[in-house]
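Protein chains: 2
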Amino acid sequence: MLKIAVYGKGGIGKSTITSNLSAAFSFLGKKVIQIGCDPKADSTINLLGGQPLLPVMNYMREYERYPASIAEVSKIGYGGVLCIETGGPTPGLGCAGRGIIATFNLLEELALFKTFEPEVVLYDVLGDVVCGGFAAPIREGYASKVLIVTSGEKMSLYAANNINRAVNNFADRGYAKVRGIILNRRNIDHETEKVQDFAVKNGLEIIGDIPRSRDINHFEDEGKTVIEGNTDLPISHKFLDLTRMLLADEQQRGRL
Amino acid sequence: MLKIAVYGKGGIGKSTITSNLSAAFSFLGKKVIQIGCDPKADSTINLLGGQPLLPVMNYMREYERYPASIAEVSKIGYGGVLCIETGGPTPGLGCAGRGIIATFNLLEELALFKTFEPEVVLYDVLGDVVCGGFAAPIREGYASKVLIVTSGEKMSLYAANNINRAVNNFADRGYAKVRGIILNRRNIDHETEKVQDFAVKNGLEIIGDIPRSRDINHFEDEGKTVIEGNTDLPISHKFLDLTRMLLADEQQRGRL
Ligand SMILES: Nc1ncnc2c1ncn2[C@@H]1O[C@H](COP(=O)(O)OP(=O)(O)O)[C@@H](O)[C@H]1O
Ligand SMILES: Nc1ncnc2c1ncn2[C@@H]1O[C@H](COP(=O)(O)OP(=O)(O)O)[C@@H](O)[C@H]1O
Ligand code: SF4
Ligand SMILES: [Mg+2]
Ligand SMILES: [Mg+2]
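Okay, here's the thing in structure tokens:
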């Protein structure tokens, strides 16, 4: 099972990248689960035709109990991708990452992975602070690889550095490792050099280079990923290449 | 004592706004303390000639105890402003806001406010998640007013909404109230309308409108606020006007 956590500063493009990766994996015939781990709860919206699904925390606030089945807090979206949103607690009250912890407990209780048998699981995780629930996907065997989405902007690289340090602080526990950086361009001055500098300083590889793309926004307005929109576009090829590379990566490690 | 907490999305300009407000209050003859509550720990850097000061959490990690005096974790900067940085825990390990809680405990133990007798206290607080230590400045009588710094960008307004909701969730406890919004421009399309829309929807006032300013960046490169750089600039007048308005506001409430 390929289990990847996508981290990055809020607004940097995690959900865009993650939902397009999910769609691309599915397009290649893989069985996928995408779990949104951002209180914004809109990670999977473009796999669901623009219709947000009820987050786990919202369900629990409304019904004051855990859902009895995964169906109550999930939806099958584009290409058969199973979509889940953790949501978050009421602002200001309680740990912001609590929704992730509650959701992970629920998924274990309902034995989701055993029942659905995914080949790929993608976690889309807020990376402004890597603590509490936001650190959970790295720990406890949930993800084996972390991808850091960043632009060349100072604030985005600061968050990327924080995420990398957080993952490294768990290095001796067999938790997830940072597989690489996805440069999601904002078209600022010397963006390539700035991100390459950061990558080199931290011994990381830039495994994806996503241009600023009108196609992304166009299909987003239709509640779609670019994969659902048109797999022949150059931007769609970027995501398909990235998924193939991640699958090959996984197979190679399997042989070790 | 005028006690203000400045919140906003990471990178939106909180420290720029807060350090210029501190400098402006000091220029008007007020005694000021600025407390950086962002793990980035660079809130006060432009009041200190570009030299970052040792954060409280770093001190505690190094010496494994609380500082014995405030002097060990503070510095007098431009205009006599007392500068403090909370810092944060090691990434991934422990609540990201822990530095704020530790610092607040320290300040009480050392009776800082009694000794220094500030007329203005400014807290510069990360607003991407309002939980744990990041919610502390709102609670427990630390700040009486919250200013939300935002641009017209979707992600920034999302954070602003979250901050506003968090403050409102404490409405019945006599905690801090949101005084207003500071629009710190990013020059995106329809920025004024987007922020006005948000303000109207949430019953908030836009009390400051800060243009994108080369002067800010120019003096930042010299480790200065624009107030220290040149109080005759239009951008400096913006900050001086805002401080006068906040002081008048405070006086008016005092009469009630
Ligand atoms: N490469 C890109 N080109 C154009 N727009 C993008 C790109 N990446 C992200 N965006 C846009 O930026 C906004 C924020 O992206 P999102 O994926 O929601 O960020 P996050 O999940 O990190 O908060 C979205 O509206 C999205 O369409
Ligand atoms: N109005 C502005 N004009 C020009 N640059 C600005 C303005 N506001 C902020 N900046 C720049 O944006 C960067 C981030 O601002 P900062 O105050 O550090 O953000 P925050 O404290 O919210 O993380 C700084 O380099 C600063 O110079
Ligand atoms: S652990 Fe992180 S998310 Fe939880 S309360 Fe602390 S700062 Fe907030
Ligand atoms: Mg997202
Ligand atoms: Mg700051």
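In the order they appear, the protein sequences are chains A and B. Residues 2 to 257 (the working numbering) make up the first sequence, in order. Residues 2 to 257 (the working numbering) make up the second sequence, in order. Where a beta carbon is used, it is the ideal one built from N, C-alpha and C, also for glycine.
In terms of DSSP beta bridges, what is residue i paired with?
i: ILE139 (chain A); result: Partner(s): none; ILE139 (chain A) has no beta bridge.
i: ASP222 (chain B); result: Per DSSP, none; premise fails for ASP222 (chain B).
i: ASP210 (chain B); result: B:LEU184
i: LEU83 (chain A); result: A:ILE34 and A:ILE77
i: VAL147 (chain B); result: B:ALA6 and B:VAL179
i: TYR124 (chain B); result: B:ALA6 and B:ILE36
When the Cα atoms are used, what is the spatial distance from residue i to residue j?
i: ARG62 (chain A); j: LEU241 (chain B); result: 45 Å
i: LEU83 (chain B); j: ALA72 (chain A); result: 55 Å
i: GLY30 (chain B); j: ALA249 (chain B); result: 14 Å
i: ILE149 (chain B); j: ARG140 (chain B); result: 16 Å
i: ALA6 (chain A); j: ASP198 (chain A); result: 23 Å
i: LYS202 (chain A); j: ARG254 (chain B); result: 52 Å
i: ILE189 (chain A); j: TYR64 (chain B); result: 41 Å
i: THR226 (chain B); j: ASN21 (chain B); result: 6 Å
i: PHE117 (chain A); j: LYS146 (chain A); result: 21 Å
i: GLU223 (chain B); j: GLY224 (chain A); result: 46 Å
i: LYS76 (chain A); j: GLY93 (chain A); result: 29 Å
i: ARG256 (chain A); j: LEU247 (chain A); result: Reliability fails at ARG256 (chain A), whose pLDDT of 46 lies under 50, so the model's placement of it is uncertain and no value is given.
i: GLY9 (chain A); j: LYS195 (chain A); result: 16 Å
i: GLU229 (chain A); j: ALA42 (chain B); result: 43 Å
i: TYR67 (chain A); j: VAL126 (chain A); result: 22 Å
i: ILE34 (chain A); j: ILE85 (chain A); result: 8 Å
i: LEU243 (chain A); j: ARG166 (chain B); result: 38 Å
i: SER16 (chain B); j: LYS239 (chain B); result: 16 Å
i: ASN185 (chain A); j: GLY81 (chain B); result: 43 Å
i: GLU251 (chain A); j: MET2 (chain A); result: 9 Å
i: LYS178 (chain A); j: ILE18 (chain B); result: 37 Å
i: GLY51 (chain B); j: GLU221 (chain B); result: 8 Å
i: ARG245 (chain A); j: GLU192 (chain A); result: 26 Å
Does the beta carbon of residue i fall short of 8 Å from some heavy atom of ligand 3?
i: PHE135 (chain A); result: yes
i: GLY37 (chain B); result: no
i: VAL150 (chain B); result: no
i: ARG254 (chain B); result: no
i: GLY95 (chain B); result: yes
i: ARG261 (chain B); result: This structure gives no information on residue 261 (chain B), because the portion of chain B shown stretches from 2 to 257.
Would the C-beta of residue i count as close to ligand 1, meaning under 8 Å from any of its heavy atoms?
i: LYS155 (chain B); result: yes
i: ASP173 (chain B); result: no
i: GLU221 (chain A); result: yes
i: SER237 (chain A); result: no
Below 8 Å, is the gap between the Cβ of residue i and the nearest heavy atom of ligand 5?
i: SER16 (chain B); result: yes
i: LYS41 (chain B); result: yes
Do the CB positions of residue i and residue j come within less than 9 Å of each other?
i: GLY37 (chain B); j: SER44 (chain B); result: yes
i: ILE46 (chain B); j: PRO53 (chain B); result: yes
i: TYR79 (chain A); j: LEU49 (chain A); result: yes
i: ASP39 (chain A); j: GLY11 (chain A); result: yes
i: ILE236 (chain A); j: ASP210 (chain A); result: no
i: LYS4 (chain A); j: TYR176 (chain A); result: no
i: SER152 (chain B); j: ARG180 (chain B); result: no
i: ALA161 (chain A); j: GLY128 (chain A); result: yes
i: ALA103 (chain B); j: MET58 (chain B); result: yes
i: ALA137 (chain B); j: ILE164 (chain B); result: no
i: SER70 (chain A); j: LEU111 (chain A); result: yes
i: ALA200 (chain A); j: ILE182 (chain A); result: yes
Taking 8 Å as the cut-off, is the CB of residue i close to at least one heavy atom of ligand 2?
i: ARG187 (chain A); result: no
i: SER23 (chain B); result: no
Please confirm whether any heavy atom of ligand 4 lies closer than 8 Å to the CB of residue i.
i: SER44 (chain A); result: yes
Segment contact flag, the segment 108–125 of chain A with the segment 157–176 of chain A, C-beta cutoff 8 Å, min 3 pairs: no
Three or more C-beta pairs below 8 Å linking the segment 86–96 of chain B and the segment 124–134 of chain A: Between the segment 86–96 of chain B and the segment 124–134 of chain A, the count of C-beta pairs closer than 8 Å reaches three or more; the two stretches touch.
Under 7 Å (Cβ pairs) to chain E, residues found in the segment 94–106 of chain A: Annotation note: the requested chain E is absent from the structure, which comprises protein chains A and B.
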